[in-house]
Each structure stands twice: as structure tokens, then as C-alpha cells.
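Worksheet: one structure, shown below.
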DNA sequence: CTAGGGCTTCCAGCTTCTGGAAGGTCAATA
DNA sequence: TATTGACCTTCCAGAAGCTGGAAGCCCTAG
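Protein chains in written order, with this note's numbering: chain A, 1 to 130; chain B, 1001 to 1130.
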């Protein structure tokens, strides 16, 4: 299967697939004309990475997950640990964003938002009322 | 004031301050020996950017905020608009992360996490049960 | 006079793609 | 058969926002 087909089946742009090959996440064989030729397993790996990335796993985590997937003797505990660590980092990010949201929405509320220059948002960023 | 002092007063690493000068966020004058010499206004701008960054504003948004700050004739509506747009993007990110969190925590819950290879997390990433 | 700490510049690398240029290949059509 | 247009190839550069490191100057204390 050519890269265009692999792209539409996996939901990844062709550019991204080439990049994934560059960094060793997939290794499709080459046809006689030099075109990449993706097997079903290659396609599985691409779709797998696509889903893992959409859950926020980093490339290195995806690599680890793929190798766990390939290892038929893995312990599910290893996978779960990886996933739990990532879940914790997601939750940390959410908390950080919620802190920003709270502070920022307070500032936005205070700002009258008309054509006068007086602005509590800029004042807040300038360190007033900290 | 030297860069070390500016760094500790603003809460930014010296490296970051040099970078901010590179991209034109601050323009400290130079002492005779070539050292950067930060004025109070420079320091204000650095601390301002530090706070804006900690609220998740991009560098370009910081630049815009700084120029609004400098413009004594600005309308507070302009600032508020910028802040509201950023707030919306924060909320969007939170929603995205919460979606990831939900999906991932469901997978984690399903995984028994022992020494057997059977793993619903890997199955989920492989597209089973989608 | 030397040692240390702070300062300078510049270059490279991190992450994860993405855009674009230059050019080879394939299938269909005139 | 010749040509067109869609596809494929490689390689280089850039996006954001720093961060680390090397090579070397400057300043102060002992």
C-alpha cells in the first residue's frame, strides 16, 4: 500500500508518516520503484500511534507502547504503569490550566472593556495587587 | 542593573532574558564594558512578560500586551479582547485534556495490571472497541 | 597575580511536525 | 506515443520557547 493510502487509512498526513519512519516508529519496506509499501502491520502501528498521540502520549511513550505491544510476554502492569504516569501528567496540566483560567477570568471580569485606557488586566500583569 | 540581578528580580533565568532581548521584547542599554544594564522599566517589562507567560500567553501575545501597556491611549477593550481570546483557548485546551483524561482513565481502569500480557489499554490503542 | 564568579557571543538541540523545492514515477487521455 | 496531472521521492528550513555548552572577556577579593 502506498503512503497516500496509508495516510487516509491511518488518519495521519503523509508527511507525518515519513517523519515517523525517519525516527523509527515504522519501517515499511520499499517497492521496486522506491515507493514505500505499507503492510497491514505497518498500518496497524500507524493507527496505534495516531490513537496514542491523540491521547497525548509523547513519541517516546508511543515507542514504548509499541514495543510493549510487540512483546507478547509483556506484563500488563508495565502498560498500566506507563498509562497511569501519563494520566497523572494530563491531570497536572489540567490543574495548571485551571489555575490560569481562574486568574485570567478574574482579570477579564474586572476589566470594563470600553474605550478608556484604564485596564485591570494590564495592572495585574504589571504586578499590582499581587 | 546586571543581568543576574534582573534575573533574580524578575524570576526569569538569565538565558531567557537574553533570548527575550534577541527577539525584541526588551532592549536594555549596554554599560561601557558591554554588560547589559537593565533599567526599572526594563525590569517591569521582564516581570510583566513573566506573569503573562505564566498565564499561558504566547510570546507574540506578550509583545502585543506590552505594546498596549506602552500605549497610554489604548482602549481597555483591546486588552480585554486579547485576554478573552486567550481564555477561550485555555478552555479549549482544558476540554481537550479532559477528553483524553476520560478515555485514558477508562482504559486504565479496565486493565488488571498484573503479570499477564492481556491488556485492554493496548487493545484500545489497537482500535478494538472503537 | 591568581582564582572565582559573572558576563559576553554563538551554535546546537529539544519536540513534533509542516511547508516547500526539485525531481522521479505512474496511469490515463489525446 | 506524448503529455498531463497526480502521486511519490529526498532534503532543507522553520515553527515556539527556551536551554545547554563552549570559548573567552571582565571584575573583585585575597
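We put the beta carbon where it would ideally sit given N, CA and C, even for glycine.
Asked: Mapping DSSP to helix, strand and coil, what is residue 36 of chain A?; Found: strand
Asked: From A:87, A:59 and A:96, pick the residue whose C-alpha is nearest to that of residue 1106 of chain B; which is it?; Found: A:87
Asked: With DSSP as the reference, identify every bridge partner of residue 29 of chain A, one or two as the case may be.; Found: A:37
Asked: At which residues does the alpha helix (DSSP H) containing residue 96 of chain A begin and terminate?; Found: 76-110
Asked: Please look up how many angstroms separate the CB atoms of residue 28 of chain A and residue 40 of chain A, rounded, as I've assumed it's under 8 angstroms.; Found: About 11 angstroms separates the two Cβ atoms, so there is no contact after all.
Asked: Of all Cβ atoms in chain B, is any one closer than 8 angstroms to the Cβ of residue 12 of chain A?; Found: no
Asked: Can you list, in chain order, the residues of its chain with a C-beta nearer than 7 angstroms to that of residue 9 of chain A? Leave out the 5 residues immediately preceding and following it.; Found: 43
Asked: Note down, in chain order, each residue of its chain lying with its Cβ closer than 8 angstroms to the Cβ of residue 90 of chain A, except the 5 sequence neighbours on either side.; Found: 56
Asked: Taking 8 angstroms as the CB-CB limit, is residue 1077 of chain B close to chain A?; Found: yes
Asked: Would residue 82 of chain A and residue 60 of chain A be called neighbours here (beta carbons separated by less than 8 angstroms)?; Found: no
Asked: Taking 8 angstroms as the CB-CB limit, is residue 1056 of chain B close to chain A?; Found: yes
Asked: Checking contacts by CB at 8 angstroms: is residue 1118 of chain B closer than that to chain A?; Found: yes
Asked: With 9 angstroms as the C-beta to C-beta threshold (strictly closer), list the residues of the region 1100-1127 of chain B near chain A in chain order.; Found: 1100, 1101, 1103, 1104, 1105, 1107, 1108, 1111, 1112, 1113, 1114, 1115, 1116, 1117, 1118, 1119, 1120, 1121, 1122, 1124, 1125, 1126 and 1127
Asked: If distances are taken between C-alpha atoms only, which option among A:129, A:110 and A:47 comes closest to residue 1123 of chain B?; Found: A:47
Asked: Give the C-beta separation of residue 125 of chain A and residue 1051 of chain B to the nearest angstrom, bearing in mind that I take them to be a contact with Cβ-Cβ under 8 angstroms.; Found: 5 angstroms
Asked: Could you tell me the alpha carbon to alpha carbon distance between residue 2 of chain A and residue 23 of chain A, rounded to whole angstroms?; Found: 19 angstroms
Asked: Nearest CA to the CA of residue 98 of chain A: which residue from B:1054, B:1116 and B:1077?; Found: B:1054
Asked: Buried or exposed: which applies to residue 15 of chain A, given that a residue is buried once 16 or more other Cβ atoms fall within 10 Å of its Cβ?; Found: exposed
Asked: For a contact meaning CB atoms closer than 9 angstroms, what does residue 1073 of chain B contact in chain A?; Found: 117
Asked: CB-CB under 7 angstroms to residue 120 of chain A, same chain, minus the five flanking residues each way: which ones, in chain order?; Found: 107, 110 and 111
Asked: Looking only at its chain, what residues have a beta carbon closer than 8 angstroms to the beta carbon of residue 78 of chain A, apart from the 5 residues adjacent to it on each side?; Found: 68
Asked: Could you give the DSSP three-state label for residue 42 of chain A: helix, strand or coil?; Found: helix
Asked: Using alpha carbons as the reference points, say which of B:1102, B:1025 and B:1085 lies closest to residue 1070 of chain B.; Found: B:1025
Asked: Going along the chain, which residues of the region 1035-1066 of chain B sit with their C-beta nearer than 8 angstroms to a C-beta in chain A?; Found: 1044, 1047, 1048, 1051, 1052, 1054, 1055, 1056 and 1065
Asked: Taking the alpha carbon of residue 1045 of chain B as the reference point, which residue from B:1065, B:1102, B:1092 and B:1101 has its own alpha carbon closest?; Found: B:1065
Asked: DSSP three-state call for residue 1119 of chain B: helix, strand or coil?; Found: coil
Asked: What's the C-alpha gap between residue 1116 of chain B and residue 85 of chain A?; Found: 20 angstroms
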